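**Q** Numbers 1132 to 1265, taken from our numbering, label the letters of the sequence shown in order.
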Amino acid sequence: MGKKIDHVGIAVKELEAAGKFYGDALGLGKGDVEVVEEQKVKVLSLPLGESRVELLESIDPEGPIGKFLAKRGEGIHHIAIRVENIEEELTRLRGLGVPLIDEKPRRGSHGTRIAFLHPKGTGGVLVELCQSGS
Ligand code: CO
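(1) Using 10 angstroms around the beta-carbon of PRO1195, count the other beta-carbons present and answer buried if the total reaches 16, otherwise exposed.
(2) Determine, using beta-carbon pairs with one atom in the stretch 1132-1140 and one in the stretch 1206-1223, whether at least three such pairs fall under 8 Å.
(3) Which residues in the same chain have their Cβ closer than 7 Å to the Cβ of VAL1184, if we skip the five residues on either side of it in sequence?
(4) Taking the straight line between their C-alpha atoms, what separation do you get for GLY1228 and LYS1251?
(5) So, is GLU1234 buried or exposed, given that buried needs 16 or more other C-beta atoms within 10 angstroms?
(6) For LYS1135 and GLU1259, I'd like the C-alpha separation in whole angstroms.
(7) In the DSSP assignment, find the alpha helix (DSSP H) that holds ALA1149 and state where it starts and stops.
(8) I'd like the list of long-range same chain contacts for VAL1143, defined as Cβ closer than 7 Å, with 5 residues on each side in sequence excluded.
(9) Are LYS1173 and GLY1197 closer than 8 Å when you measure CB to CB?
(10) Between VAL1266 and GLY1180, what straight-line distance do the alpha-carbon atoms span, to the nearest angstrom?
(11) Any heavy atom of the ligand CO inside 7 Å of the beta-carbon of GLU1234?
Written out as structure tokens, the structure is:
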């Protein structure tokens, strides 16, 4: 089965300013905004081909994006790979010894189920597995 990039998550200080650049200047359009309480984040999703750019604004300085912004500033936060069966992928990767942040899937934006792999096993990139909701 071919895998695809579901989205690239970008941590931003202000969703509105970043939305103007990506949406208007870069021409990705309007997109939609969703608050994901579990992740303490407000997400603006902009379609880009078969993928999306997700602009992530923190709604809580103690949340993952709040901490990331304080430590690293704005920038790419994670890359999400679309998978068909997230439990199967997690089991397979665990079997290969890949370090996981999430042992079980949790809720992402758009009704997706997501799980993060630890950057120490991925060449320093936070990789998200993402199964579309339905
Ligand atoms: Co994501």
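Cβ atoms here follow ideal geometry from the backbone N, Cα and C, with glycine treated the same way.
Small disclaimer: the values here were computed from a predicted structure and weren't measured.
**A** Concretely, from the data shown:
(1) By the neighbour-count rule (16 or more Cβ atoms within 10 Å), PRO1195 is buried.
(2) Touching, per the Cβ criterion.
(3) Excluding sequence neighbours, VAL1184 sits near HIS1138, VAL1139, ILE1141, TYR1153, LEU1159 and LEU1177.
(4) Answer to the nearest angstrom: the Cα atoms are 12 Å apart.
(5) The Cβ neighbour count for GLU1234, taken over all protein chains shown within 10 Å, is under 16; the residue is labelled exposed.
(6) In a straight line, the C-alpha of LYS1135 is about 12 Å away from that of GLU1259.
(7) Where ALA1149 is concerned, the enclosing alpha helix (DSSP H) stretches over 1146-1150.
(8) Scanning its chain for C-beta atoms nearer than 7 Å, with the 5 sequence neighbours on each side dropped, one finds around VAL1143 the residues ALA1149, LEU1186, LEU1187, GLU1188 and GLU1205, in chain order.
(9) No, the pair does not count as a contact, with Cβ atoms beyond the cut-off.
(10) No answer is possible for residue 1266: the residues shown for the chain start at 1132 and end at 1265.
(11) False, no ligand heavy atom lies under 7 Å from that Cβ.
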